[in-house]
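Data first, discussion second: the structure below is written as structure tokens.
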Amino acid sequence: MRGRMNAGLLVGGVLVGLVTLAALVSFLWTPHDPTLVDAAQRLREPGGGYLLGADKYGRDTFSQIMVGARTTLYVGIVAVGIAAVLGVPLGVVAGMTPSGWLSELIMRVNDLVFAFPALLLAVMLGAVYEPGTLTAMIAIGVATVPAFARVARAATLQVMVTDYILAARAAGRRRPAIAVRHVLPNIGSVLIVQASVSFAIAILAEAALSFLGFGTRPPTPSWGRMLQESQDLLFSTPRLALWPGLAIALAVLGFNLLGDGLRDYLDPKLRRIRAEG
Amino acid sequence: MTLYLLKRLAVLIASTAVAGVVVFAFMALLPGDPAEVALGVNATPEAVAELRRQFGTDRAPVAQFLDWFGGLVQGDFGTSYVTSAPIGPQIADRLGVTIVLVLGGMAVALVIAVPLGTYAAVHHRDPLGAAISAVSQLGIAVPAFLAGILLVYVFAVQAQALPSGGYVPIAENPGEWLRGLLLPWASLGLVQGAVLTRYVRSAVLDVMREDYLRTARAKGRGGTGALWRHGLRNASIPVVTVLGLQLATLLVGAVVVERVFVLPGLGDLLLSGVAGRDLLLVQGVVMVLVAAVLLINFVVDVTYHLLDPRLR
Numbered sequence: 008m009r010g011r012m013n014a015g016l017l018v019g020g021v022l023v024g025l026v027t028l029a030a031l032v033s034f035l036w037t038p039h040d041p042t043l044v045d046a047a048q049r050l051r052e053p054g055g056g057y058l059l060g061a062d063k064y065g066r067d068t069f070s071q072i073m074v075g076a077r078t079t080l081y082v083g084i085v086a087v088g089i090a091a092v093l094g095v096p097l098g099v100v101a102g103m104t105p106s107g108w109l110s111e112l113i114m115r116v117n118d119l120v121f122a123f124p125a126l127l128l129a130v131m132l133g134a135v136y137e138p139g140t141l142t143a144m145i146a147i148g149v150a151t152v153p154a155f156a157r158v159a160r161a162a163t164l165q166v167m168v169t170d171y172i173l174a175a176r177a178a179g180r181r182r183p184a185i186a187v188r189h190v191l192p193n194i195g196s197v198l199i200v201q202a203s204v205s206f207a208i209a210i211l212a213e214a215a216l217s218f219l220g221f222g223t224r225p226p227t228p229s230w231g232r233m234l235q236e237s238q239d240l241l242f243s244t245p246r247l248a249l250w251p252g253l254a255i256a257l258a259v260l261g262f263n264l265l266g267d268g269l270r271d272y273l274d275p276k277l278r279r280i281r282a283e284g
Numbered sequence: 010m011t012l013y014l015l016k017r018l019a020v021l022i023a024s025t026a027v028a029g030v031v032v033f034a035f036m037a038l039l040p041g042d043p044a045e046v047a048l049g050v051n052a053t054p055e056a057v058a059e060l061r062r063q064f065g066t067d068r069a070p071v072a073q074f075l076d077w078f079g080g081l082v083q084g085d086f087g088t089s090y091v092t093s094a095p096i097g098p099q100i101a102d103r104l105g106v107t108i109v110l111v112l113g114g115m116a117v118a119l120v121i122a123v124p125l126g127t128y129a130a131v132h133h134r135d136p137l138g139a140a141i142s143a144v145s146q147l148g149i150a151v152p153a154f155l156a157g158i159l160l161v162y163v164f165a166v167q168a169q170a171l172p173s174g175g176y177v178p179i180a181e182n183p184g185e186w187l188r189g190l191l192l193p194w195a196s197l198g199l200v201q202g203a204v205l206t207r208y209v210r211s212a213v214l215d216v217m218r219e220d221y222l223r224t225a226r227a228k229g230r231g232g233t234g235a236l237w238r239h240g241l242r243n244a245s246i247p248v249v250t251v252l253g254l255q256l257a258t259l260l261v262g263a264v265v266v267e268r269v270f271v272l273p274g275l276g277d278l279l280l281s282g283v284a285g286r287d288l289l290l291v292q293g294v295v296m297v298l299v300a301a302v303l304l305i306n307f308v309v310d311v312t313y314h315l316l317d318p319r320l321r
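For the record, the sequence lines run as chains U and R.
Add 7 to the 1-based position in the first sequence for my numbering, that's all there is to it.
Add 9 to the 1-based position in the second sequence for my numbering, that's all there is to it.
This is the structure:
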């Protein structure tokens with residue numbers, strides 16, 4: 008039975024929808040060129056076509072927030088994509104052969120990757136190559152693989168003891184066929200929840216990396232770097248920190264609420280498998 | 010228990026060694042020749058070869074790795090190719106600041122999370138209990154460095170009560186040392202406290218539904234008394250696990266918070282190493298942080314076994 012629409016799902020959906028809308032509209036239109044340096048508009052107060060004012064280079068804050076949403080979603084989608092594409096097959100294989108050496112190997116490697124947080128991976132990548140959006144996405148993606156693998160494994164273990172799998176095995180179906188036709192569709196809802204929660208964490212990681220200078224390079228707007236640039240103006244122009252900060256917090260809150268809401272909505276049975284951070 | 014401890018210890022040593030291989034392979038083998046980098050484009054091949062011999066980078070990768078990792082085990086992190094300074098003492102200098110930062114942040118998180126999470130679970134039908142859950146959800150959405158910036162704005166810019174950054178060694182002035190750390194601790198602790206509150210709440214809720222707690226209540230213990238005597242130990246099992254994971258998150262969060270508050274910790278050392286293209290330094294700091302995460306996981310697993318007799 009599917010659950011009822013809940014408040015978390017609604018609020019989360021609206022917040023994620025707003026971020027997505029801002030990102031999509033920014034492709035077609037922003038109030039000003041977000042990267043245009045304009046000395047005349049330096050630290051301009053909000054108003055007169057500059058809804059949220061301008062930063063120390065005279066760039067429109069609102070336009071930057073809009074394009075920053077695009078950066079955030081882009082990094083999140085690619086990072087979560089990497090994590091899911093690598094993590095889900097590993098987790099399913101480990102879950103379908105729980106006592107085999109392969110499963111043991113996968114989970115050990117998983118534990119090892121777990122010891123390399125996204126930030127460290129990104130810093131390592133950034134030390135060797137030029138740091139940028141690509142290194143940040145790869146680092147966040149790889150660091151998120153263990154979360155997907157663990158959740159996929161736990162869900163697969165639950166599915167493997169059901170009668171329909173037993174029936175499929177008795178009918179002589181091969182394991183890859185069982186994985187694709189029976190396991191994946193049945194762990195899908197858990198994975199969607201995990202994707203939403205991982206997306207929230209990816210946004211936090213991207214913001215932190217951009218803040219440190221290991222994320223998206225200037226002049227491409229990113230919320231984390233907007234915060235970093237605002238820090239030395241905190242005494243005079245605190246609103247420059249307020250808007251990107253609010254954007255990050257609301258986007259993360261949105262994906263977290265969406266994940267929790269989806270968990271309750273999609274499949275109350277699988278509620279006990281928690282999405283991992 | 011002893012057998013488990015030995016097995017787990019073996020896993021810890023093995024994973025640290027494998028992590029060492031990964032870090033080394035990544036940092037030492039992929040980028041350009043440090044001798045060429047140090048001497049610049051106009052160097053003669055003879056000078057490069059001589060420097061390579063001094064650095065030891067002319068040897069086989071396996072020999073280089075064994076040399077580096079063997080040194081690590083004895084606390085020798087090698088000598089920087091860029092600054093010619095030994096790396097171990099630099100790390101040792103900075104490690105203390107980061108540990109103090111992380112432990113303080115953890116303490117703040119626990120002080121917030123245990124009472125609030127327990128209250129939110131016991132009173133989960135009351136408005137206040139529900140409010141705690143909602144606020145903790147908000148807290149999770151705020152990254153530590155953003156919390157730091159907000160705290161600086163409130164306490165340093167507006168109230169002018171605390172410094173906005175900088176570090177005074179405790180030996181120099183304990184009062185100023187403490188004042189300088191209050192905001193960094195709070196930035197790390199508030200956010201982690203929000204995350205932890207949710208886990209404490211759900212752990213206590215789970216325990217409250219258990220049969221043994223109902224039995225204890227039926228035998229005449231008051232609700233709080235029963236929870237206190239039978240519940241908290243059991244509720245602490247999942248919380249300890251999360252606490253360990255959080256400690257690892259805090260370590261990474263500390264890197265960013267050090268940047269916000271200009272604290273001379275490991276994170277600051279790591280980032281200045283990257284900026285100066287001091288790869289051996291970066292390699293050393295990354296290894297220390299990864300080893301710390303592995304060690305934390307080890308301690309968590311062992312604690313888990315001690316707390317839960319069913320696992321013995």
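In this text, a Cβ means the ideal position worked out from N, Cα and C, and glycines have one as well.
As the structure is a prediction and not an experimental result, all values here were calculated from the model.
Pull the bridge partners of U/Gly231 from the DSSP assignment, please. To locate residue 231 of chain U, count along the first sequence from 1; it is residue 224. Looking at the DSSP assignment, U/Gly231 forms no beta bridge with any residue, so it has no partner.
- First and last residue of the alpha helix (DSSP H) that includes R/Phe74? In the second sequence, the residue the question calls residue 74 of chain R occupies position 65. Where R/Phe74 is concerned, the enclosing alpha helix (DSSP H) stretches over Pro70 to Val82.
Backbone secondary structure at U/Ala61 - three-state DSSP: By one-based count along the first sequence, residue 61 of chain U stands at place 54. In this structure, U/Ala61 counts as strand in the three-state DSSP scheme.
Cβ atoms of U/Ala214 and R/Pro193: under 8 Å apart, would you say? Here residue 193 of chain R corresponds to residue number 184 of the second sequence, with the count starting at 1. Here residue 214 of chain U corresponds to residue number 207 of the first sequence, with the count starting at 1. The answer is no: Cβ separation not under 8 Å.
Considering Cα atoms alone, identify which of U/Gly24, U/Arg51 and U/Leu31 is closest to U/Ser243. Numbered from its first residue, the first sequence carries residue 243 of chain U at position 236. Checked all of U/Gly24, U/Arg51 and U/Leu31; the closest Cα to U/Ser243 is U/Arg51.
inquiry  = Can you find the residues in the same chain that come closer than 6 Å, C-beta to C-beta, to U/Gly54, ignoring five residues on each side of it along the sequence?
reply    = If you number the first sequence from 1, residue 54 of chain U lands on position 47. Excluding sequence neighbours, U/Gly54 sits near nothing in its chain.
Notebook entry, point to check: When the Cα atoms are used, what is the spatial distance from R/Leu272 to R/Tyr176?
Noted result: Reading the second sequence from its first residue, position 263 is the one you call residue 272 of chain R. Reading the second sequence from its first residue, position 167 is the one you call residue 176 of chain R. Taking the straight line joining both Cα atoms gives about 6 Å.
| Contact list for U/Ile255 against chain R, beta-carbon separation under 7 Å | Along the first sequence, one-based indexing puts residue 255 of chain U at 248. Neighbours of U/Ile255 on chain R, chain order: Pro152 and Leu155.
Requested in this report: Would you identify the three-state DSSP class for R/Thr88, choosing helix, strand or coil?
Outcome: Here the question's residue 88 of chain R lines up with position 79 in the second sequence. Strand at R/Thr88.
Legend entry - Where the alpha helix (DSSP H) through U/Met114 begins and ends: By 1-based counting over the first sequence, the position of residue 114 of chain U is 107. First-last of the alpha helix (DSSP H) with U/Met114: Trp108 to Phe121.
- Could you work out which residues of chain U lie near R/Phe35, taking near to mean beta carbons separated by less than 8 Å? Taking the second sequence and counting its residues from 1, one reaches residue 35 of chain R at position 26. The answer, in chain order, is Met131 and Val135.
Worksheet item: chain U beta carbons: is any one of them nearer than 8 Å to that of R/Val142?
Response: Locating residue 142 of chain R in the second sequence gives position 133, where the first residue counts as 1. The question names Val, yet the displayed sequence has Ser at residue 142 of chain R. Not an interface residue.
Subject >> Proximity test, Cβ basis, 8 Å: R/Arg218 and chain U >> reply: On the second sequence, residue 218 of chain R is found 209 positions in, with the first residue counted as 1. No, R/Arg218 lies away from the interface with chain U (no Cβ there is under 8 Å from its Cβ).
Open item on the list: Going by beta-carbon coordinates alone, are U/Leu80 and U/Ala30 separated by less than 8 Å?
Closed with: Numbered from 1 along the first sequence, position 73 holds the residue referred to as residue 80 of chain U. Numbered from 1 along the first sequence, position 23 holds the residue referred to as residue 30 of chain U. Yes, the pair counts as a contact, with Cβ atoms nearer than the cut-off.
### Message
Applying the 10 Å Cβ sphere with the 16-neighbour rule, what's the burial state of U/Asn117?
### Response
What you label residue 117 of chain U is simply residue 110 of the first sequence in a count that begins at 1. Buried: at least 16 other Cβ atoms inside 10 Å.
Can you list, in chain order, the residues of the segment 229–252 of chain U whose Cβ is nearer than 7 Å to any Cβ on chain R?
Leu234, Gln238, Leu241, Phe242, Pro245, Ala248 and Gly252
request  = Kindly list the residues whose CB is nearer than 8 Å to the CB of U/Val99, restricted to its own chain and excluding five residues on each side of it in sequence; keep chain order.
outcome  = Translated into the one-based positions of the first sequence, residue 99 of chain U becomes position 92. Excluding positions up to five away in sequence, the list reads Ala159, Arg160, Thr163, Ala186, Val190, Leu191 and Ile194.
Subject >> Assigned exposure category for R/His132 - 16 Cβ within 10 Å defines buried >> reply: As a working note, residue 132 of chain R is residue 123 in the second sequence. It counts as exposed.
> From U/Leu127, U/Val135 and U/Phe121, pick the residue whose C-alpha is nearest to that of U/Pro152; which is it?
Replying inline: By 1-based counting over the first sequence, the position of residue 152 of chain U is 145. It is Val, not Pro, that sits at residue 152 of chain U in the sequence shown. Comparing Cα positions, the closest option is U/Phe121.
| said: Please confirm whether U/Leu50 has its beta-carbon closer than 8 Å to some beta-carbon of chain R. | reply: Taking the first residue of the first sequence as 1, we reach residue 50 of chain U at position 43. No, U/Leu50 does not count as interfacial toward chain R.
Practice item. Taking U/Leu93 as the reference, give the member of U/Arg232, U/Val259, U/Asp170 and U/Leu198 with the closest Cα. Key: Here residue 93 of chain U is taken as the residue at index 86 of the first sequence, counted from 1. Taking only the C-alpha atoms, the option nearest U/Leu93 is U/Leu198.
- Query: Taking the alpha carbon of R/Ala118 as the point to measure from, which residue in R/Val30, R/Gly148, R/Leu12 and R/Leu104 has its own alpha carbon closest?
  - Reply: Along the second sequence, read from residue 1 onward, the residue named residue 118 of chain R stands at position 109. Measuring from the Cα of R/Ala118, the nearest candidate turns out to be R/Gly148.
Meets three-Cβ-pair contact criterion under 8 Å: the segment 299–313 of chain R and the segment 206–220 of chain R | no
Practice item. Please classify U/Gly19: does DSSP put it in a helix, a strand, or coil? Key: Position 12 of the first sequence holds residue 19 of chain U. Note: U/Gly19 maps to helix in three-state DSSP.
For this session: With DSSP collapsed to three states, give me the class of R/Asp310.
Result: Taking the second sequence and counting its residues from 1, one reaches residue 310 of chain R at position 301. R/Asp310: helix per DSSP, three-state reduction.
Exercise. How is the alpha helix (DSSP H) around R/Gly175 delimited, first residue to last?
Worked result: Translated into the one-based positions of the second sequence, residue 175 of chain R becomes position 166. Premise fails: R/Gly175 is in no alpha helix (DSSP H) and is neither H nor E.
For U/Val44, the first and last residue of its enclosing alpha helix (DSSP H)
Reading the first sequence from its first residue, position 37 is the one you call residue 44 of chain U. Note, U/Val44: premise wrong, no alpha helix (DSSP H); not H, not E.
Worksheet item: What did DSSP end up calling R/Pro183 once you bin it into helix, strand or coil?
Response: For the purposes of this step, residue 183 of chain R is identified with residue 174 of the second sequence, where counting begins at 1. Reduced to three states, the DSSP call for R/Pro183 is helix.
Beta-carbon proximity of U/Phe262 to U/Gln201, cut-off 8 Å:
Indexing the first sequence from 1 puts residue 262 of chain U at position 255. Indexing the first sequence from 1 puts residue 201 of chain U at position 194. No; because the gap between Cβ atoms is not below 8 Å, this pair is not in contact.
Less than 8 Å between the beta carbons of R/Thr206 and R/Leu316, yes or no?
Here the question's residue 206 of chain R lines up with position 197 in the second sequence. Here the question's residue 316 of chain R lines up with position 307 in the second sequence. No. Outside cutoff.
| field | Own chain partners of R/Trp77 with C-beta closer than 7 Å, once the 5 adjacent residues on each side are dropped | value | As a working note, residue 77 of chain R is residue 68 in the second sequence. Taken in chain order, the residues that qualify are Phe33 and Gly87.
Margin query: Can you tell me whether U/Asp298 is helix, strand or coil according to DSSP?
Written below: Outside the displayed range of chain U (8 to 284) lies residue 298 of chain U, so it cannot be described from this structure.
* Between R/Leu197 and R/Ala263, which are expected to be in contact by the criterion C-beta below 8 Å, what is the C-beta distance as a whole number of angstroms? -> Here residue 197 of chain R refers to the residue found at position 188 when the second sequence is read from its first residue. Here residue 263 of chain R refers to the residue found at position 254 when the second sequence is read from its first residue. Sure, about 7 Å apart at Cβ, within 8 Å.
For R/Pro178 and R/Trp186, what's the separation of their Cα atoms in angstroms? As a first step, residue 178 of chain R must be located in the second sequence, where it is residue number 169. As a first step, residue 186 of chain R must be located in the second sequence, where it is residue number 177. So the two alpha carbons sit approximately 6 Å from each other.
* To do: Could you tell me whether the Cβ of U/Leu93 comes closer than 8 Å to any Cβ of chain R?
  => As a position in the first sequence, residue 93 of chain U is number 86, starting the count at 1. No, no contact with chain R.
Measuring only between beta-carbons, confirm whether U/Tyr226 sits less than 8 Å from chain R. Looking up residue 226 of chain U in the first sequence gives position 219. One point to set straight first is that residue 226 of chain U is Pro, not Tyr, in the sequence displayed. It does not; no Cβ of chain R falls within 8 Å.
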